[in-house]
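Have a look at the structure below, then the notes.
Numbering (this note's numbering), first residue to last: 250 to 308.
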């Protein structure tokens with residue numbers, strides 16, 4: 250599979266933000282709900298949902 254350099258840069262930029270990196274680390278261990286993530290991260294549901302949306306869009 251060929252991935253463009255621009256796509257890789259966008260993906261890495263999305264993952265580089267500390268909350269999103271924590272979300273990726275948490276989800277690598279198993280499934281969590283948005284409610285689980287809000288409790289663990291101490292962030293609001295809209296903020297966590299926004300992080301998840303950005304990660305999804307980044308691939």
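C-beta: ideal position from N, C-alpha, C; glycine also.
Opening and closing residue of the alpha helix (DSSP H) in which residue i lies
i	result
residue 268	267-277
residue 282	It is not in any alpha helix (DSSP H) - residue 282 carries neither H nor E in the DSSP assignment.
residue 294	294-307
Neighbour-count burial assignment, residue i, 16 or more Cβ in a 10 Å radius
i	result
residue 289	exposed
Proximity below 8 Å, CB of residue i to CB of residue j
i	j	result
residue 304	residue 265	no
residue 260	residue 308	yes
residue 286	residue 270	no
residue 300	residue 272	yes
Reduced DSSP category for residue i - H, G, I as helix; E, B as strand; rest coil
i	result
residue 251	coil
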